[in-house]
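Report on one structure; see the data block that follows.
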Amino acid sequence: MPTNVTAEYKKAEQAFRQAREPRDRLMCLKEMLRTIPKHKGTEHVQADIKTRIKQLTEELAGAKKGGRKGPSYTVRPEGAAQVCLIGPPNAGKSSLHARLTGSHSPSGPYPYTTQMPVPGMLPFEDVHVQLIDLPPVSADFMEPWLANTLQPSDAAMLIVDINDPDCVDHIQVIRQRLAAKKIVLEEHWPGLAPEDVCVGIDEGETDYVRDPFQIVLPTLLIASKCDLNPEPDEVRVLEELLGVRFPAIATSAQTGSGLHRLASTLFKGLEIVRVYTKAPGREADLDRPFTVRRGDTVADVARLVHKDIAEKLKFARLWGSGQFDGQQVGPEHLVADRDIVELHVR
Numbered sequence: 007m008p009t010n011v012t013a014e015y016k017k018a019e020q021a022f023r024q025a026r027e028p029r030d031r032l033m034c035l036k037e038m039l040r041t042i043p044k045h046k047g048t049e050h051v052q053a054d055i056k057t058r059i060k061q062l063t064e065e066l067a068g069a070k071k072g073g074r075k076g077p078s079y080t081v082r083p084e085g086a087a088q089v090c091l092i093g094p095p096n097a098g099k100s101s102l103h104a105r106l107t108g109s110h111s112p113s114g115p116y117p118y119t120t121q122m123p124v125p126g127m128l129p130f131e132d133v134h135v136q137l138i139d140l141p142p143v144s145a146d147f148m149e150p151w152l153a154n155t156l157q158p159s160d161a162a163m164l165i166v167d168i169n170d171p172d173c174v175d176h177i178q179v180i181r182q183r184l185a186a187k188k189i190v191l192e193e194h195w196p197g198l199a200p201e202d203v204c205v206g207i208d209e210g211e212t213d214y215v216r217d218p219f220q221i222v223l224p225t226l227l228i229a230s231k232c233d234l235n236p237e238p239d240e241v242r243v244l245e246e247l248l249g250v251r252f253p254a255i256a257t258s259a260q261t262g263s264g265l266h267r268l269a270s271t272l273f274k275g276l277e278i279v280r281v282y283t284k285a286p287g288r289e290a291d292l293d294r295p296f297t298v299r300r301g302d303t304v305a306d307v308a309r310l311v312h313k314d315i316a317e318k319l320k321f322a323r324l325w326g327s328g329q330f331d332g333q334q335v336g337p338e339h340l341v342a343d344r345d346i347v348e349l350h351v352r
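Next up, the structure:
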């Protein structure tokens, strides 16, 4: 049913999708409830919003005695992006995580060795991507808290043992179980070339209220254990059987084959932009860049530096993508990778 969604609601929904802290997400949910059109066509979404408001309010107030059952594992996002590793049992997920991040993620020849989220940092040049190793998903079992853990993630790596004759069934089961929890493993990556991916979810304008709680994760298919000599076209055959075309990389945690491509692919696909800052009259700090995404602005960088600077920001001087070094630009100027900004406040 058409709903004539207001610009205020769209803005609140976008803010909710980008919010990481529970308190910020709660504020966005309240704004979504305030601005959503109130009629029969939005009753289901209104009910979902109210449920989420109740859950977050209780979470911030502390779990009530005898109330919420079972643990809820979330990992605070760090680095340039958070990417979760998902896969069936014994796919080589934990071995890959340990090799990429140097973590002590438990691994073994038996299933379900990973029982809770294990974070680690994957370096790329002067930034890091946070990789979260998650418990496996199968037709028999999926941790009930997995959906909440995936909420802050920017992308997923779907790990599959390319030599397993049941790997197609494993992936279909994972996608179905996650879809039941409103988690979509998406083929489309914003920063990768069209020939590398299939067309994903249509992000065009619509007069319908989309499900604001659906988690859409751009997904990189990792064909692990390629040291066991799979056929050269095995990955492409796998994608054809699945009916999808995820960006795919064949890897081996044992030999290191393919691992050098992962960090750069994630960096490019997520459209990460590094911005360096400098104080007037001083050299730029080139050791610790702030990271935003393509399409973000000087104002977005200022918010990462400090909220007071963002509120009082008047203009910035820009080195890098400007017409000339030291160009004066406004808060809404788009930044590019490796730009240097000098923030000036009122």
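Each residue of the sequence shown is one higher than the one before, starting from 7 at the first, in my numbering.
Here a beta-carbon is modelled for each residue, glycine too, at the ideal position from N, C-alpha and C.
So, helix, strand or coil for residue i, using DSSP?
i	result
residue 187	coil
residue 210	Reliability of the predicted coordinates at residue 210 is poor, the pLDDT of 40 falling under 50, and no value is obtained from them.
residue 320	strand
residue 75	Residue confidence is low: residue 75 scores 49 on pLDDT, short of 50, so the model does not pin down where it sits. Its coordinate-derived value is still stated next. Coil.
residue 33	helix
residue 176	helix
residue 314	helix
residue 155	helix
residue 149	coil
residue 136	strand
residue 85	strand
residue 303	strand
residue 142	coil
residue 62	helix
residue 205	The pLDDT assigned to residue 205 is 31, lower than 50, so where the model puts this residue is not dependable, and the model offers no usable value.
residue 340	strand
residue 39	helix
residue 22	helix
What separation, rounded to the nearest whole angstrom, lies between the Cα atoms of residue i and residue j?
i	j	result
residue 289	residue 283	9 angstroms
residue 40	residue 16	12 angstroms
residue 28	residue 62	7 angstroms
residue 352	residue 295	24 angstroms
residue 174	residue 219	28 angstroms
residue 109	residue 103	7 angstroms
residue 331	residue 297	21 angstroms
residue 142	residue 66	29 angstroms
residue 72	residue 198	The pLDDT assigned to residue 72 is 47, lower than 50, so where the model puts this residue is not dependable; a value taken from the coordinates is nonetheless given after this. Each residue's alpha carbon lies about 48 angstroms from the other.
residue 19	residue 318	26 angstroms
residue 302	residue 341	6 angstroms
residue 49	residue 56	11 angstroms
residue 82	residue 31	14 angstroms
Would residue i and residue j be called neighbours here (beta carbons separated by less than 8 angstroms)?
i	j	result
residue 156	residue 221	yes
residue 161	residue 278	no
residue 140	residue 125	no
residue 2	residue 180	An answer regarding residue 2 cannot be provided, because it is not within the stretch 7 to 352 covered by the chain.
residue 299	residue 343	no
residue 167	residue 97	yes
residue 311	residue 337	no
residue 307	residue 324	no
residue 136	residue 88	yes
residue 154	residue 80	yes
residue 313	residue 350	no
residue 130	residue 263	no
residue 34	residue 21	yes
Residue range of the beta strand (DSSP E) that residue i falls in?
i	result
residue 90	88 to 92
residue 294	291 to 299
residue 163	161 to 167
residue 230	221 to 230
residue 335	333 to 335
residue 283	278 to 283
residue 256	254 to 256
Could you give the residue range of the alpha helix (DSSP H) that holds residue i?
i	result
residue 275	266 to 275
residue 121	Where residue 121 is concerned, there is no enclosing alpha helix (DSSP H), given that its DSSP letter is neither H nor E.
residue 350	Where residue 350 is concerned, there is no enclosing alpha helix (DSSP H), although the beta strand (DSSP E) it sits in stretches over 345 to 351.
residue 103	99 to 107
Would you please state the rounded distance, in angstroms, between the beta carbons of residue i and residue j? I believe it to be under 8 angstroms.
i	j	result
residue 165	residue 90	Actually they do not touch by this definition, with Cβ atoms about 11 angstroms apart.
residue 26	residue 150	Actually they are not in contact, since the Cβ atoms of residue 26 and residue 150 sit about 22 angstroms apart, beyond 8 angstroms.
residue 192	residue 226	That pair is no contact at about 11 angstroms.
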